[in-house]
Amino acid sequence: MKITDILGFDREKKAFELYERETGTPDPFAPWRDADGKSEEEPPFPNSVREAYELFEKSFNTDKNKDLILRRFLAGGRRGALAVYMNGMADDTKVNDFILRPLMTFDGASISLDELLKKTVRIGEVRRESSVKNVFLAVMDGMTALFLDGEREAAILETHGYEKRGIDAPENEKVVTGAKESFTESLRTNITLVRRLIHERDLVVETELTGGGGNTRLAIVYRDGVTNEALIGEVKRRLARIKTGGILTSGMLGQMIEDDKNSPLPQILSTERPDRAASHVMQGSVCLLVEGSPFALLMPVTFFSLMSSPEDVYLRKPLGTMLRLVRYFGAAASVLLPGYFLSLALYHQGILSTEVLSTVMASRMMVFEPIGVEMLLLLFIFQLIREAGQRVPGNIGQAIGIIGGLVMGQAAVTAHLASPVVLIIVAASGLGNFCIPDYSTQLAASYLRIAVVIAAWLGGLLGIAAAVLAAACHIAGLKSFGVPFLAPFAPRTSRKRPIVLRGDIGMHERPEDMMNTSFDGRLEDGE
Amino acid sequence: MKLRQGRIGLFAGTALAALSLFTCGVFSIDPKTAYANGNSTYLSLPLAVIISLSALIPAMLVLNWKRVGLNGLFTYAFGKVGGIVAAVILSVSFVWAAAKPMTEFLLVLTRLVYDGVPYMRIVLYILPVTVFIAWKGFESVGRLALIFSGLILISVAAAALSASPEFAAYRLYPLPSGNADFFKTAFSGSVFFLPPLAALLVNEEGLGGVKNVRKTLAAAAFISAAAIGLVQFALALIYPHRVLSGLLMPLYRINFLSLRQSYALRLDKLFIMVWLLGCVISCAYLIYSASYLLTKTFSARDVTPAVLTVSAAVFFLVTAEFSENYARAEAVGSFFSRFGSLFALIPPLLAAAVGSIKLKKESRL
């Protein structure tokens, strides 16, 4: 008998399933709905080219909407046809050279949609569509719809040709030794960026429309047979529930499908790096790419994945480990250092040595406001500088940071608004905050820091203990798509890799146990 | 249903139970009783943990047969009204066990850390957080215990080891004058350990069944017994038992005796805040357990009202010690110190006995 048999828990296959599942199958994904979630009535499919023309004229209000092109012509000089596309969204060259010209000059015996698609149209991606609403969506998306007199289906031809931004280096998740590519606003480009990194046949990219009115196009990326089906179902279920109309960006979409919307901490990882997204997908995560957003949403996410950076694995093991230790230390200092200093200065002077205490007292000699006010004031100014630096473009933003940091700091000390010691504490805490790789987590930590400072001001170490416990309790109870936020530490899951330190690269061969992928053998019996 | 039970694993369950036992065995023991017969608490208290564990074995066995949960067993054994009475009695023991370490910490904080600060102000920092944690449920409490247990253990070890230059074996003398005294101390000490262990039986569902509870209880009991024994041994090597019997939280005072000139002396306040985290977590665990038991007993759907009620009872007990009617509060405290174990032990034991008789009868039929 093994020792694990004696000490181990009864672990039935489903007993410790981390995903919380609802009963029933997911709603049909991406239904066509208005803002109230009601289905819109679909117009009947037009019987002739003339009817199709009138339908588009009426539906798109072409008197005012001049960029919808409705081109009537005779296919093969005999049969009435209509090509519909959106000017600017579709590539004119493709439409003219590979659709219109071959169709007009076609001299085959029979002219049917089938024949034309087989022999004449020189476009790679072609499909037939009998639903009018899907034809509308395709046209608005940059496709060309081809109607033929007497046919009960339209041909949808891929003619995307709109302008888009090229692939740039990431702005927020910079690494020294890693890849320099970031996502763009084009969904197609983003899918390509992920596909280029994952050469697995099980990689699935489902493109769907979501949101009220089905306005937002997104792609769900996962590994079929590896990613937990319950997770995929849960993601789709939450997406199907979105009733908000308008343009949905990845930031908005993420909030709508998160577990706890009121938590300051993100429960979805937003990344602009394709390599990071691909790495998570390989480990069994689900990735959402949204049209118009240069960020991928990854789920589920834990605290430890929010604290990791792609740089960790690009560097050698000791360096990656040190980097992580510095990061965790910086994050802890960011939250606790100002509050701790304040509590020592106000309530527990005995902990400080005489030398330190006299230095602090001497530096505050001429400062007129209480130390708590001074600390909060400096933290507020720090937040101001940070916000201002982000809102103004490029070099000016950097200049604001330098001016704010150096000039204002020096001026505040000279004007006896702040003491040098407190200024150093706030600056060190601010630097620690920037060590946190995820932007939302950075912000959450910076506001938690203010709460800890207030708690320390009111109650010293006791206040800090209360604030830390309350925050820890909140974080311990958080879940991301059913996966506890502090997994694999609390709850502990079986793992070979270290949690905080960086393990060997060879240890990355299997997905994490908490992901409940097929590697764990828990998906075999209908999971 | 907002019972907030959730599900925790072996590590979290063990950490939670061990932390609660450790808090009881190191921070909230009654010094007069514990050290009355010599410095042998490093033997008697681990024994008390084992006695408490073995006392609950019959209840675990019957629960394993019946598979109804502790409140179900109470109803099965005593009927509806009797079941309610049993659940209330057990809950009272949890309330007392939650209030006891909290009171000790409040005494230390008001007398030694925040000298001159009214106790009520300190209560207002600790109790709301405790209630919040208890309200968040068993899963959150278990995970918090897992997060902080390592830190608490390290801080306790650091405090004990920092005093190692002061260790002297002669202070272990006198050992108990006779076996009777030693076992009396062990049995009376079990009063502290029964409620945290019985609370695991209450949260059987959150641990995934009685079998898992049994493993968690065994692991927690042995880990905490070892840890309590080591800490008490270190204390016994530093203080003569006459000093110990009058000392408020001797582990905190350890730094005052040793390393006067070193920087480690200044860490005492940090240490006590870390230990306070353990106290709050174990207190929240007992509050939640009492609330969950009552909620299940009264077939309610939300644990929140019970959490508020039980927290109010804990608040009353905690503040009673500082009130003007301290003599009465002391009388209540000493009553519970003597007979509190009966509150925690009798309902499950009696339910186990009656339940097993009924089960046998049913099986014959």
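Protein chains in written order, with our numbering: chain S, 146 to 672; chain D, -11 to 353.
The beta carbon of each residue, even a glycine, is placed where N, CA and C say it ideally should be.
Source: prediction; values computed, not measured.
Query	Result
Classification of residue 486 of chain S by the beta-carbon crowding that lies within 10 angstroms, buried from 16 upward	buried
Within 8 Å, strictly: CB atoms of residue 304 of chain S and residue 388 of chain S	no
Straight-line Cα distance separating residue 69 of chain D from residue 352 of chain D	26 Å
Endpoints, alpha helix (DSSP H) assigned at residue 138 of chain D	126 to 150
Test: residue 483 of chain S CB closer than 8 Å to a CB of chain D	no
Alpha-carbon spacing of residue 602 of chain S relative to residue 491 of chain S, whole angstroms	7 Å
Proximal chain D residues relative to residue 590 of chain S, where beta-carbon distance stays under 9 Å	Those within 9 Å of residue 590 of chain S in chain D number zero; the least Cβ separation is about 17 Å.
Cross-chain neighbours of residue -1 of chain D in chain S, by beta carbon under 9 Å	635, 636, 637
Near-chain D residues of the region 424 to 435 of chain S (beta-carbon distance less than 9 Å), N- to C-terminal order	none
Residue 320 of chain S versus S:659, S:277, S:456, residue with shortest Cα-Cα distance	S:456
Distance, residue 381 of chain S Cα to residue 167 of chain S Cα	Per-residue confidence for residue 167 of chain S stands at a pLDDT of 44, beneath the threshold of 50, marking its modelled position as unreliable; the derived number appears in the next sentence. Approximately 12 Å, taken between the alpha carbons.
Residue 356 of chain S vs residue 393 of chain S beta-carbon contact at 8 Å	yes
Where the alpha helix (DSSP H) containing residue 673 of chain S begins and where it ends	The question about residue 673 of chain S has no answer here: the residues shown for chain S are numbered 146 through 672.
Sub-8 Å separation of residue 59 of chain D and residue 71 of chain D beta-carbons	yes
Nonlocal neighbours in the same chain, by C-beta distance under 6 Å from residue 209 of chain D, ignoring five residues either side	37, 41
Residue 371 of chain S in three-state terms, based on DSSP	coil
Cβ neighbours of residue 246 of chain S in the same chain (closer than 7 Å, five flanking residues each side left out)	none
Under 7 Å (Cβ pairs) to chain D, residues found in the region 605 to 626 of chain S	606, 607, 608, 610, 611, 614, 615, 617, 618, 621, 622
Uninterrupted beta strand (DSSP E) stretches inside the region 8 to 91 of chain D (no shorter than 3 residues)	none
Residues bridged to residue 272 of chain S (per DSSP)	S:301
Contact under 8 Å by Cβ, residue 428 of chain S with residue 660 of chain S	yes
Chain S within 8 Å of residue 265 of chain D, Cβ atoms only	yes
Terminal residues of the alpha helix (DSSP H) in which residue 216 of chain D lies	198 to 226
Endpoints, beta strand (DSSP E) assigned at residue 231 of chain S	224 to 231
Strand pairing of residue 235 of chain S, partner residues [DSSP]	S:232, S:305
C-alpha distance - residue 372 of chain S paired with residue 430 of chain S, whole-angstrom precision	6 Å
Whether residue 275 of chain D touches residue 306 of chain D by CB criterion (8 Å)	no
Under the three-state DSSP convention, the category residue 345 of chain D falls into	helix
Inter-residue CB distance, residue 197 of chain S and residue 281 of chain S (contact presumed, cutoff 8 Å)	The Cβ separation is near 12 Å, so there is no contact.
Short Cβ contact (8 Å threshold) for residue -3 of chain D with residue 536 of chain S	no
Range of the contiguous alpha helix (DSSP H) that encloses residue 520 of chain S	516 to 536
Cβ-heavy atom distance, residue 126 of chain D to the ligand MG, below 7 Å	Within the structure as shown, the ligand MG is missing, as the structure has no ligands at all.
Within chain D, the residues that residue 493 of chain S reaches when beta carbons sit closer than 7 Å	257
Any chain S beta carbon closer than 8 Å to residue 16 of chain D	no
Three CB pairs or more closer than 8 Å across the region 336 to 343 of chain D and the region 42 to 55 of chain D	yes
Residue closest to residue 26 of chain D, alpha-carbon to alpha-carbon, out of D:331, D:256, D:232, D:301	D:232
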